[in-house]
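Since the structure comes first, as structure tokens, the remarks are kept for the end.
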Amino acid sequence: MGRTTMGWLIARAKNMTAGGWAGFLAVVVLVGLGLFVAGARWVNTSPNRCATCHPVLTELWQESQGHPADRVTCYQCHARHAELPESANAFGYVRDRLIPEGYAAFEERVEARCEGCHTDIRSKTEENRKLIRINHKVHLAKTDHQGNPLDLGCLDCHRSIAHDKAEVPTWRPRMYGCFTGDCHRKDRNKDNCRRCHYQHLAEPGAEVL
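Numbering of the sequence shown is given in numbering that gives the first Met the number 0, commencing with residue 0 and proceeding in unit increments.
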């Protein structure tokens, strides 16, 4: 069977015209290019590849409650998503879509990806089941004790958003993080809990305990 097939291929090759050879080579190039692009994309975007260098972080991400592994991947948070401005060419656009340029877990890239999904977060007030009320707009406008803008970003409060090492993981800001540096200097006393913890969120009309 093998010899018969090989003989048929040799006979076909001998009888192939110049146009036939050109078409054959074009198919080979396209298939090879497709395999190269697929391999390069897998190397740059697969969580399995990330896990080879970051096994602990990958495990924490897989157990994340804030960004479940079945819905959010490493690539979606840590890579630049290609856009097509008017000055760009189609080849560059396709290249960036398939093989992210400069792929790395830079914080500034993560910030941009956060706002890519949470488009209205800068003006939103969060009230959640943990009885914490967070006004994003107020926090983003905060200044230090000298009046200089703090220029807070997503990761300043949500550092543990997908890679929380605590015994009880959470994507919410932790109190010790809120009391770091110039944040909430006047609120660091045990009698000012209601500043962030609103008891009435759980039971309307209830007093703060």
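Glycine residues also receive a C-beta, built at the ideal position from the N, C-alpha and C atoms.
DSSP places N191 in no beta strand (DSSP E); its state is neither H nor E. Just so you know, the alpha carbons of H157 and C76 end up roughly 13 Å apart.
In the three-state DSSP reduction, R158 falls in the coil class, being neither helix nor strand. Where N47 is concerned, the enclosing alpha helix (DSSP H) starts and stops at 46 to 52. In the structure shown, R173 falls within a coil segment according to DSSP collapsed to helix, strand and coil.
Under DSSP, T16 forms no beta bridge with any residue. Between H117 and the set H66, H144, K141, G146, the nearest pair of CA atoms involves H66. Check the Cα spacing between K141 and each of C113, C182, I120, G31: the tightest is with C182. Rounded to whole angstroms, the gap between the alpha carbons of F35 and G152 is 37 Å.
Per DSSP, T179 has no beta bridge partner at all.
Judged by DSSP secondary structure, H77 falls within the alpha helix (DSSP H) whose first and last residues are 73 to 77. By the Cβ-count criterion, I9 is exposed, with fewer than 16 other Cβ atoms from all chains shown falling within 10 Å of its own Cβ. T142 has P148 as its beta-bridge partners, per DSSP.
A straight-line Cα-Cα distance of about 15 Å links D186 and P172. Here A17 is exposed: its Cβ has fewer than 16 other Cβ atoms, across all protein chains shown, within 10 Å.
Bridge pairing for H196: I131 [DSSP]. DSSP places D119 outside both helix and strand once states are collapsed to three, so it counts as coil.
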